[in-house]
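2 protein chains.
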Amino acid sequence: MPLGEFELIQRFFASAGACRDDVVLGVGDDAALVVPPPGVEIALAADAIVEGVHFPAGLDAEAIGHRVLAVNLSDLAAMGAEPAWALLSLTLPRSDSAWLEGFTRGLDALARRSGIALVGGDTTSGPLAAVVSVAGLVPRGQALRRSGARPGDWIYVSGAPGEAAAGLAVLQGSLPRPAAAERLVSRFRLPEPRLALGNALRGVASACIDVSDGLAADLGKLCAASGVGARLEVASLPVSAALVEVAGADATRLCLAGGDDYELLFAVPGDRVGDLPELGVTLTRIGRVVAGAGVEIVGEVRGEGPLGGYDHFLKEGRTTTARGLGGPSQ
Amino acid sequence: MPLGEFELIQRFFASAGACRDDVVLGVGDDAALVVPPPGVEIALAADAIVEGVHFPAGLDAEAIGHRVLAVNLSDLAAMGAEPAWALLSLTLPRSDSAWLEGFTRGLDALARRSGIALVGGDTTSGPLAAVVSVAGLVPRGQALRRSGARPGDWIYVSGAPGEAAAGLAVLQGSLPRPAAAERLVSRFRLPEPRLALGNALRGVASACIDVSDGLAADLGKLCAASGVGARLEVASLPVSAALVEVAGADATRLCLAGGDDYELLFAVPGDRVGDLPELGVTLTRIGRVVAGAGVEIVGEVRGEGPLGGYDHFLKEGRTTTARGLGGPSQ
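First to last, the sequence lines map onto chains A and B. Reminder that position 124 of the first sequence reads as 894 in this note's numbering, one-by-one numbering, no gaps. Reminder that position 287 of the second sequence reads as 1057 in this note's numbering, one-by-one numbering, no gaps.
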């Protein structure tokens, strides 16, 4: 028996707003009501994920529920903001209890772990897509931005970029699936937003962005926003052993150009490097900020294809060379 | 020449956040930063509109841009909240400058008029859909809710419900298009959120909801949230002359069951009726709150079909009779 929209909302979402005492009114009215604490700025972001664009048809519902929240929490992490409230807009071809249970399990587990309350949203019929918008809290004037990098700052990245893109390729059958591939698939299915790291980088990093479109492309955006350039050392990249085992000669290219990692990429002034937090996530120094513009990639990158990351309306990628990669113009 | 995603964002959305001085950082970073004033609650809502579901394929881009913001502003109006900040998530089959110019013109005009700043969001490729999330401000403890109606309160509605649904039917060719139909089409294309009215109803109305799914259905939701019933007088309904001219015998049914009006439906205690605002929008007393549950429709409603409004996952509508309409269970 199909569930109606009201039962859907009631059954799956109505209890999810109960985890914060600053939520005065949660799901079920025309809007939710929340009370901001004094002395904060509110960080606001929204990201959509669409079947066939951001994830392959047939990806399990739990991964989709996790992902749509994770990509948004990653934006809060990149600002150094603490997650507070979220809205979900879910478009489904049909009402499907089993699918919704999986979706909710994935979303809910990450929401509880991150301390964010789902306070509202809507469900509608249509092609499978989900949009989450998030609000996070950050002490006034302390948010991390893309625009603060200065020549001489060191460039760091967390984790092992490229693993998520390789995991997607494994799921799609274009890379093999030895035992080592499970780690990569998991990195694509359940990316972990770096919230604790982002929080700890306030006052330490001079600029920060999350890696969603690819390391080189996102470094280009950070540089453009800061009015600087960067030299990126291929030999320093944190190309993981699992990535090399599965992707072989393409590992470095995936590390530079693969999207969907949701790691943090940030600049740190030389005198603050000693203050970098130890939180159990690997931080790797991969290059340096320089005067000028664009990202210079120093070293050999094997294989074919652009390094500039993914653009939704220019599918062939941006024109790049291994040396002299132009940063996107945002 | 197709525009890339970054150019799209830059060209169409980057300037739209400039209209409020509480926006510290607008479009272009991982998140926007805004500063809430002291003493407020923040009202948060998100609604999607999907081609073929919420609007017919081929509707002009200006109307789509207006609509996706209007439906969200209407939620703020129903809470008595003042619009502050918005995020847009736009999914487009292809990059199309002319379409985007129209979309932006519609969205931007309403945003400026409403004092809301577009501070961020994303664009992606996929089936045509748009999601806006909005944040509004309301003095602490003063928001209008659905749950405050008490037996004896009078029930009012603004404007002329049913006109938008008739306008859609005109656009789709299932109703004729005499001169009087242009008013109805305009009500569907460019619904006007009742922000000033919602604001003025704080401290006057005991409960409020916006009419998006149909007058009878939304009254059912208000009653369910308040734990009361309602008697609705068919003879009192504000069925407009234009609606009668175009829809004939179906006019009353459209007034009760047609969606997309974005009028406000609210309850007012007898001793506050004298405080109802005069804002140039017609307010009509259509019934009374009673003890019990459900909406009793008193009077004849001609034509066929349910009166309970639209449910995205139960397309045939909810089971209703002209007397004893059950309120949805939300």
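The beta carbon of each residue, even a glycine, is placed where N, CA and C say it ideally should be. Note that the structure is predicted; figures quoted are calculated from it, not measured.
Item, Value
"4-residue-minimum alpha helix (DSSP H) runs that sit fully inside the segment 976-1022 of chain B, ordered along the chain", "985-996 and 1011-1017"
"As assigned by DSSP and simplified to three states, the class of B/I834", "helix"
"Reduced DSSP category for A/V1043 - H, G, I as helix; E, B as strand; rest coil", "helix"
"Close Cβ partners of A/A1126 (< 6 Å) along its chain, the five nearest in sequence each way excluded", "There is no way to answer for residue 1126 of chain A, as the model of chain A reaches only from 771 to 1100."
"Start and end residues, alpha helix (DSSP H) containing B/D878", "S867 to S884"
"is_contact[B/T861, chain A] using C-beta, thresh 8 Å", "yes"
"Backbone CA spacing between B/D892 and B/L860 [nearest angstrom]", "6 Å"
"Members of the segment 953-966 of chain A near chain B, C-beta cut-off 8 Å", "none"
"From A/T894, A/G968 and A/L1024, residue whose alpha carbon lies closest to that of A/L1046", "A/G968"
"Sufficient close CB pairs (3 or more, under 8 Å) joining the segment 905-915 of chain B to the segment 847-854 of chain B", "yes"
"Simplified DSSP assignment, three categories, for A/S844", "helix"
"Any chain B beta carbon closer than 8 Å to A/P808", "yes"
"CB contact below 8 Å: B/T1022 versus chain A", "no"
"Close-in-space but distant-in-sequence residues of the same chain around A/P931 (CB under 6 Å, 5 per side omitted)", "V981, L985, C1025, D1031 and E1033"
"Beta carbon of A/A847 nearer than 8 Å to that of A/G918", "no"
"For A/F825 and A/A801, the rounded distance between their alpha carbons", "30 Å"
"Own chain, CB closer than 6 Å to A/I812, minus 5 neighbours either side, in chain order", "A905"
"Pick from B/D1041, B/S944, B/G1075 and B/L1053 that is closest to B/G922, judged by C-alpha positions", "B/D1041"
"Under 7 Å by beta carbon: chain B residues contacting A/T894", "A818, V820, V823 and H1082"
"Under 8 Å between C-beta atoms of B/G890 and A/A816", "yes"
"DSSP bridge partner residues for A/S895 (one or two, in chain order)", "A/L862"
"Span of the beta strand (DSSP E) around B/V1059", "L1053 to V1060"
"Residue closest to A/S928, alpha-carbon to alpha-carbon, out of A/L1007, A/L898 and A/L960", "A/L1007"
"Where A/P931 meets chain B, residues with beta-carbon distance less than 9 Å", "Neighbours of A/P931 on chain B: none; closest Cβ ~16 Å, over 9 Å."
"Residue-chain proximity (A/E1003, chain B), Cβ-Cβ < 8 Å", "no"
"Residue span of the alpha helix (DSSP H) that contains B/F958, given as start and end", "A951 to R959"
"Residues from the segment 893-913 of chain A in contact with chain B, defined by Cβ distance under 9 Å", "T893, T894, S895, G896, P897, A899, V901, V902, S903, V904, A905, G906, V908, R910, G911 and A913"
"Rounded separation between B/G1097 and B/E871 - CA only", "Confidence is the limiting factor: at B/G1097 the pLDDT is only 31, short of 50, which leaves the residue's position unreliable and the question unanswerable from this model."
"B/C789 in three-state terms, based on DSSP", "coil"
"Where B/V1034 falls: helix, strand or coil (DSSP)", "It should be noted that the sequence gives Leu, not Val, for residue 1034 of chain B. Note: B/L1034 maps to strand in three-state DSSP."
"Selection from B/P806, B/V810, B/P863 and B/L965 that minimises the alpha carbon distance to B/A827", "B/P863"
"Contact with chain B by A/I812, beta-carbon distance below 8 Å", "yes"
"For B/A1061 and A/R1104, the rounded distance between their alpha carbons", "An answer regarding residue 1104 of chain A cannot be provided, because it is not within the stretch 771 to 1100 covered by chain A."
"Whole-angstrom distance between A/L914 and B/P961, CA atom to CA atom", "39 Å"
"Counterpart residues of A/E1066 in DSSP-defined beta bridges", "A/R1001"
"A/G937 in three-state terms, based on DSSP", "helix"
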